[in-house]
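Right, one structure below, let's go through it.
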Amino acid sequence: MHMIERLGAWAVTRVREMGRMLLFLLSSFTWLVRPPFRFHQIMKQLHFIGYRSTFVVVLTAGFTGMVLALQGYYSLRKFGSEGLLGSAVALSMIRELGPVLAALMVTARAGSAMTAEIGIMRITEQIDALDTMAINPRQYLIAPKLVAGVLGVPLLVAIFDVVGIYGGSLVGVDLLGISEGAYWNSVESAVEWKDVYGGILKSITFGLIVSWICCYKGFYTRQSAEGLGSATTEAVVLSSVLILVGDYILTSLLL
Amino acid sequence: MIKLMGVEKKFGDQPVLQGVDLTIPVGKMTTIIGGSGSGKSVLLKHMIGLLQPDRGEVWVDDVEISRLSGTRLNDVRKRFAMLFQGAALFDSLSVFENVAFPLREKLRMKGPEVVQRVEEKLKEVGLTGMGHKFPAELSGGMRKRAGLARALVMEPEIILFDEPTTGLDPLLAKSIHDLIVAMQRRFGFTAIMVSHEIPEIFGISDWVAMLRKGKIVLMATAAEFQRTTDPEIQEFISVGGTVALPGSRID
Ligand SMILES: Nc1ncnc2c1ncn2[C@@H]1O[C@H](COP(=O)(O)OP(=O)(O)OP(=O)(O)O)[C@@H](O)[C@H]1O
Ligand SMILES: [Mg+2]
Numbered sequence: 001m002h003m004i005e006r007l008g009a010w011a012v013t014r015v016r017e018m019g020r021m022l023l024f025l026l027s028s029f030t031w032l033v034r035p036p037f038r039f040h041q042i043m044k045q046l047h048f049i050g051y052r053s054t055f056v057v058v059l060t061a062g063f064t065g066m067v068l069a070l071q072g073y074y075s076l077r078k079f080g081s082e083g084l085l086g087s088a089v090a091l092s093m094i095r096e097l098g099p100v101l102a103a104l105m106v107t108a109r110a111g112s113a114m115t116a117e118i119g120i121m122r123i124t125e126q127i128d129a130l131d132t133m134a135i136n137p138r139q140y141l142i143a144p145k146l147v148a149g150v151l152g153v154p155l156l157v158a159i160f161d162v163v164g165i166y167g168g169s170l171v172g173v174d175l176l177g178i179s180e181g182a183y184w185n186s187v188e189s190a191v192e193w194k195d196v197y198g199g200i201l202k203s204i205t206f207g208l209i210v211s212w213i214c215c216y217k218g219f220y221t222r223q224s225a226e227g228l229g230s231a232t233t234e235a236v237v238l239s240s241v242l243i244l245v246g247d248y249i250l251t252s253l254l255l
Numbered sequence: 001m002i003k004l005m006g007v008e009k010k011f012g013d014q015p016v017l018q019g020v021d022l023t024i025p026v027g028k029m030t031t032i033i034g035g036s037g038s039g040k041s042v043l044l045k046h047m048i049g050l051l052q053p054d055r056g057e058v059w060v061d062d063v064e065i066s067r068l069s070g071t072r073l074n075d076v077r078k079r080f081a082m083l084f085q086g087a088a089l090f091d092s093l094s095v096f097e098n099v100a101f102p103l104r105e106k107l108r109m110k111g112p113e114v115v116q117r118v119e120e121k122l123k124e125v126g127l128t129g130m131g132h133k134f135p136a137e138l139s140g141g142m143r144k145r146a147g148l149a150r151a152l153v154m155e156p157e158i159i160l161f162d163e164p165t166t167g168l169d170p171l172l173a174k175s176i177h178d179l180i181v182a183m184q185r186r187f188g189f190t191a192i193m194v195s196h197e198i199p200e201i202f203g204i205s206d207w208v209a210m211l212r213k214g215k216i217v218l219m220a221t222a223a224e225f226q227r228t229t230d231p232e233i234q235e236f237i238s239v240g241g242t243v244a245l246p247g248s249r250i251d
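Read top to bottom, the protein sequences are chains X and E. Residue 1 is where the first sequence starts when you use my numbering, and the numbers rise one by one after that. Residue 1 is where the second sequence starts when you use my numbering, and the numbers rise one by one after that.
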């Protein structure tokens, strides 16, 4: 009986937390469409999430493309079809690795910083101060970050895909000696618009997940340094897990 | 007029406010004293709707704010400004931008008028030329004064001051007290101050209230308050052999 009670209590807390997260998202979005419009705030956040993540995204994309080419070449050669290397790299990048890896990098770089920033504002009563000035913190702080996540991640994913495919050609063409024409032909012939759309849909979803979870965890940080630390950890873990779970669900729906 | 009726507040199973009845007179300076951790900051936060009571009512004129939210609560809050105990400056904005923030965001002011009012307030709190600095670059006392400038700059009807002089040297504390009193006389706003500065507060407050064990145990004019015969209150206000000032604004 005791076990069941505990399990029940755990489930109730989880469900309540999920409800709170959903309400947080919805209310932040409804504040988005009410004046005053915080265009400048959105630009600032886009700069933070997008532009300032470019370096790490380019770096990971380059190496991902390169290692894909190495592994792909090794596997494809067994069947004598090295010529398909371009397709293999491009499809894995666009359909799968671009959105997932870029979103994970954004979580690690910008998401954790977002949680910490909002969490500190909570602990030092800056969020309360906004409230006392009759400025809704969800409108001023949260909504611009949500928009920036939804716009910024797809742009980063586009960069990731392109850099990754070039990284693949660097290894495939320049190192392993596949002809340049064959590589790019195979990229072109394999990639369909459907793949690109799927990638965009994924990146929009992941962008929303990162900014939503990271803002939520920061906004409800408990009043201590310890609370801030665990909020940041929870934000990174939860948003990474949700990205991977979401990726599976979206992939199975899109196939 | 702000009126609290039977306000109770618990955090977890720790009772903090246990039936606070308090009426704050309009256009006067009321100071709330009480031991550390007695719930003074919590009490102030109830007056501006940052915390909701578990039981009881909070009235601001003819509006009961404890169950309000959204626009209706914001309409009430537009009449307030608050100086937080930790100043609560926005880290990402310079001192100037912090003080300008309520003018721009709340009063929708623009251009040279903002600059002029901000510079004026910074001068009054002794932060001339510090506008370009960021909160992280300031000392605790400077942050407090920047927070004070941000609260005063709006010239609202009601201002809540949570320990405006804590962390300042005695001279600076006196000048901040003088500034608050001067502003209060000039603009006639309702001032509610939490302070540990005994006996100084008796010289500058109209009314003094004491919070103890979750209740207001005494509220009186500054002069009457000092004449209380309650031994516990006497001990609190005369501890360390400080002699209470005789002067008071209401007699
Ligand atoms: N948000 C909160 N969550 C949980 N407990 C809180 C919260 N805010 C205040 N408390 C508790 O309420 C009690 C009163 O706190 P409060 O900050 O009002 O004290 P205070 O009278 O202002 O003290 P001080 O003079 O030191 O500022 C403290 O025990 C504090 O731990
Ligand atoms: Mg306090």
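In this text, a Cβ means the ideal position worked out from N, Cα and C, and glycines have one as well.
query: Grouping DSSP H, G and I as helix and E and B as strand, with all else coil, what is M121 of chain X?; result: helix
query: Counting pairs of Cβ atoms below 8 Å between the region 132 to 149 of chain X and the region 244 to 254 of chain X, do you hit three or more?; result: no
query: Can you confirm whether P102 of chain E, when its beta carbon is compared against all beta carbons of chain X, has any partner nearer than 7 Å?; result: yes
query: Quick one: which chain E residues come within Cβ less than 7 Å of A129 of chain X?; result: F84, A88
query: K40 of chain E: which of E:E200, E:F161, E:K144 sits nearest, CA to CA?; result: E:F161
query: In angstroms with no decimal places, state the Cα-to-Cα distance between S179 of chain X and C215 of chain X.; result: 47 Å
query: Which ranges does the alpha helix (DSSP H) cover as unbroken runs of at least 4 residues, wholly within the region 198 to 239 of chain E, from first to last along the chain?; result: 200 to 204, 222 to 226, 231 to 238
query: At 8 Å on the CB atoms, spell out the chain X contacts of K106 of chain E, in chain order.; result: M133, A134, I135
query: Going straight from the alpha carbon of F219 of chain X to that of S239 of chain X, what length do you get?; result: 15 Å
query: Exposed or buried, V26 of chain E, counting other C-beta atoms within 10 Å across all chains shown (16 or more means buried)?; result: exposed
query: Which residues of chain X have a Cβ atom closer than 8 Å to the Cβ of K78 of chain E, listed in chain order?; result: A134
query: Using only CA atoms, which one of E:V7, E:I2, E:L152, E:E232 lies nearest to F101 of chain E?; result: E:L152
query: Taking the straight line between their C-alpha atoms, what separation do you get for Q45 of chain X and M105 of chain X?; result: 16 Å
query: Please list the partners that L172 of chain E has in chain X, where partner means a Cβ-to-Cβ separation under 7 Å.; result: The premise fails here: L172 of chain E is roughly 22 Å from chain X at the closest Cβ pair, so nothing lies under 7 Å.
query: Measure the alpha-carbon distance for F203 of chain E versus I120 of chain X and round it to whole angstroms.; result: Here residue 203 of chain E turns out to be Gly, not Phe, going by the sequence shown. Those two C-alpha atoms are separated by around 37 Å.
query: Taking 8 Å as the cut-off, does the region 148 to 167 of chain X touch the region 223 to 234 of chain X (at least 3 CB pairs, one atom from each stretch)?; result: no
query: Does the separation of the CB atoms of S28 of chain X and R122 of chain X fall below 7 Å?; result: no
query: So if I threshold CB-CB distances at 9 Å, which residues from the region 48 to 60 of chain E count as touching chain X?; result: I48, G49, L50
query: What does the shell around ligand 2 hold, if a residue joins when its beta-carbon is under 7 Å from any heavy atom?; result: E:K40, E:S41, E:Q85, E:D162, E:E163, E:V194
query: Could you name the residues of chain E that E125 of chain X contacts, counting a contact when the two beta carbons are closer than 7 Å?; result: F84, G86, A88
query: Excluding five sequence neighbours on each side, which residues of the same chain lie with their C-beta closer than 6 Å to the C-beta of M29 of chain E?; result: Q184, A191, S205, D206
query: For ligand 1, is there any heavy atom lying closer than 6 Å to the beta carbon of S224 of chain X?; result: no
query: With DSSP as the reference, identify every bridge partner of I32 of chain E, one or two as the case may be.; result: E:V194, E:A209
query: Report yes or no: is there a C-beta of chain X within less than 7 Å of the C-beta of N98 of chain E?; result: no
query: Let's test the definition: count the other Cβ atoms within 10 Å of the Cβ of S53 of chain X and tell me whether it reaches 16, buried, or not, exposed.; result: buried
query: List in chain order: all unbroken alpha helix (DSSP H) runs of 4+ residues lying wholly within the region 182 to 211 of chain X.; result: none
query: For ligand 1, is there a heavy atom less than 6 Å away from the beta-carbon of V16 of chain E?; result: yes
query: Between the C-alpha atoms of P15 of chain E and S36 of chain E, what's the straight-line distance to the nearest angstrom?; result: 15 Å
query: Going by CA-CA distance only, name the one from X:G198, X:A9, X:W212, X:R6 that's closest to R95 of chain X.; result: X:G198
query: Excluding five sequence neighbours on each side, which residues of the same chain lie with their C-beta closer than 7 Å to the C-beta of V60 of chain E?; result: I2, V76
query: For A235 of chain X versus T132 of chain X, is the C-beta distance shorter than 7 Å?; result: no
query: Buried or exposed: where does K121 of chain E fall if 16 or more other Cβ atoms within 10 Å of its Cβ makes it buried?; result: buried
query: Write down the C-beta distance between Q18 of chain E and G214 of chain E rounded to the nearest angstrom, noting that I regard them as a contact closer than 8 Å.; result: 3 Å
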